[in-house]
Amino acid sequence: MLSKILGAVGVVLLIAGVVLAVRPVSVQGRDCGSLFQPGKGITPMQCDPRLATRGNVVVGLGTGGVALMLTGFAVAAVRDRRTRVSS
0 MLSKILGAVG VVLLIAGVVL AVRPVSVQGR DCGSLFQPGK GITPMQCDPR
50 LATRGNVVVG LGTGGVALML TGFAVAAVRD RRTRVSS
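Reminder that position 79 of the sequence shown reads as 78 in numbering that gives the first Met the number 0, one-by-one numbering, no gaps.
Right under this line is the structure:
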């Protein structure tokens, strides 16, 4: 049960990271674009900190999601090995 919960939370974090990466950023009414596709032409300098902050959040969510999913797989593997050894 714990492994399924960890895996599900990891998937939710990964999805949230992708949504934030695709969602466009705007500063004072100007479109800065998204992390995957910056705005066309020259973006204003006010966009740089916003895009950098959004990038840090996306990396954090992605890393956390992958870590939780791997932890879920590890918990499932340990639990499976314990049941095989004790039988």
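Ideal Cβ positions, reconstructed from N, Cα and C, are used throughout, including at glycine.
query: Does the stretch 22–36 touch the stretch 6–13, meaning 3 or more C-beta pairs lie closer than 8 Å?
result: no
Per-residue burial, M68 [other beta carbons within 10 Å of its own, 16 or more giving buried]: buried
Among V65, G59, Q45 and L5, nearest to G28 - alpha-carbon criterion: Q45
query: Can the beta-carbon of V24 be found less than 7 Å from the beta-carbon of L50?
result: yes
field: Beta-carbon spacing of A20, V65 below 7 Å
entry: no
message: Please classify G54 as buried or exposed, where buried requires at least 16 other C-beta atoms within 10 Å of its C-beta.
response: exposed
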